[in-house]
Amino acid sequence: MNDIQNGSYLMAGGIWAELNRRKSFARFATIKNLLSSHITRTLYDESRADVLTLISRKISRKEYLIKRQDEEFNEQLHKQIASVESEISTLLAFVKAFDRMAEFMQDETAGFVEEWYKTKHQNLILNQLLDAQTELAHTWGETAFKLYGDYIQQQATSTKFTNA
Numbered sequence: 216m217n218d219i220q221n222g223s224y225l226m227a228g229g230i231w232a233e234l235n236r237r238k239s240f241a242r243f244a245t246i247k248n249l250l251s252s253h254i255t256r257t258l259y260d261e262s263r264a265d266v267l268t269l270i271s272r273k274i275s276r277k278e279y280l281i282k283r284q285d286e287e288f289n290e291q292l293h294k295q296i297a298s299v300e301s302e303i304s305t306l307l308a309f310v311k312a313f314d315r316m317a318e319f320m321q322d323e324t325a326g327f328v329e330e331w332y333k334t335k336h337q338n339l340i341l342n343q344l345l346d347a348q349t350e351l352a353h354t355w356g357e358t359a360f361k362l363y364g365d366y367i368q369q370q371a372t373s374t375k376f377t378n379a
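Okay, structure coming up:
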């Protein structure tokens, strides 16, 4: 493993440690996005490039063996060519799986962020409803207090007229 990959794993571990330390939903979304983009940019790109380089070498090896086969045909060379073709197919399948995994991670991150925004929007609506109910309760409280004050004043006034 080279130093860049070691650094990438350390950074990913540090991000996960930060994620476990802070349980805030907004921090979780930010850290998950950072982790996803960091892994996609470094580990995935480097690994994919290494695999594509290996595929290129295998194709060159196959071409060399075919050229050699033209010169001296034998069964062993034919087996070697078949073996190299199998390795190339396996490596290409590996690259395709890498691509699907990266696409899945991006889709997962996008879905996560979308859910986070939906939840945030729902919380905003609930807060607005709560504020409206609180304001309504204050209004009802003030109205009741005013009506009770008017009632007491009316009682006091009617008592004065009755006593007079």
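Numbering of the sequence shown is given in our numbering, commencing with residue 216 and proceeding in unit increments. Note that the Cβ used here is the ideal one computed from N, Cα and C, for glycine as well.
*Mapping DSSP to helix, strand and coil, what is Asn289?*
The count along the sequence shown starts at 1 and reaches residue 289 at position 74. Asn289 falls in the coil class under three-state DSSP.
_Neighbour-count burial assignment, Lys273, 16 or more Cβ in a 10 Å radius_ = In the sequence shown, residue 273 corresponds to position 58, counting from 1. Counting the other Cβ atoms within 10 Å of the Cβ of Lys273 gives 16 or more, which makes it buried.
*Beta-carbon spacing of Ile270, Leu292 below 8 angstroms*: Here the question's residue 270 lines up with position 55 in the sequence shown. Here the question's residue 292 lines up with position 77 in the sequence shown. In this structure, Ile270 lies away from Leu292, with their beta-carbon atoms at least 8 angstroms apart.
*Rounded C-alpha distance that separates Gln295 from Phe313*: For the purposes of this step, residue 295 is taken as the residue at position 80 of the sequence shown. For the purposes of this step, residue 313 is taken as the residue at position 98 of the sequence shown. Spanning the two alpha carbons is a distance of roughly 27 angstroms.
*Does the distance from the C-beta atom of Arg283 to that of Val299 stay below 8 angstroms?*
In the sequence shown, counting from the first residue as 1, residue 283 sits at position 68. In the sequence shown, counting from the first residue as 1, residue 299 sits at position 84. For the pair Arg283 and Val299, the CB atoms are not nearer than the 8 angstroms cut-off.
*Determine the DSSP secondary structure at Ile219, reduced to helix, strand or coil.*
What you label residue 219 is simply residue 4 of the sequence shown in a count that begins at 1. With a pLDDT of 47 at Ile219, under the threshold of 50, the predicted position of this residue should be treated as unreliable, though the coordinate-derived value follows. Residue state, collapsed to three classes: helix.
*Roughly how many whole angstroms lie between the Cα atoms of Glu350 and Glu357?*
The residue you call residue 350 lines up with position 135 of the sequence shown. The residue you call residue 357 lines up with position 142 of the sequence shown. So the two alpha carbons sit approximately 10 angstroms from each other.
*Around the Cβ of Leu280, are there at least 16 other Cβ atoms within 10 angstroms (buried) or fewer (exposed)?*
Start at 1 with the first residue of the sequence shown, and residue 280 comes out as number 65. Burial call: buried.
*Leaving out the 5 sequence neighbours to the left and right, which residues in its chain are closer than 7 angstroms to Asp346 when beta-carbon positions are compared?*
Sequence index remark: in the sequence shown, residue 346 carries index 131 (1-based). Excluding sequence neighbours, Asp346 sits near nothing in its chain.
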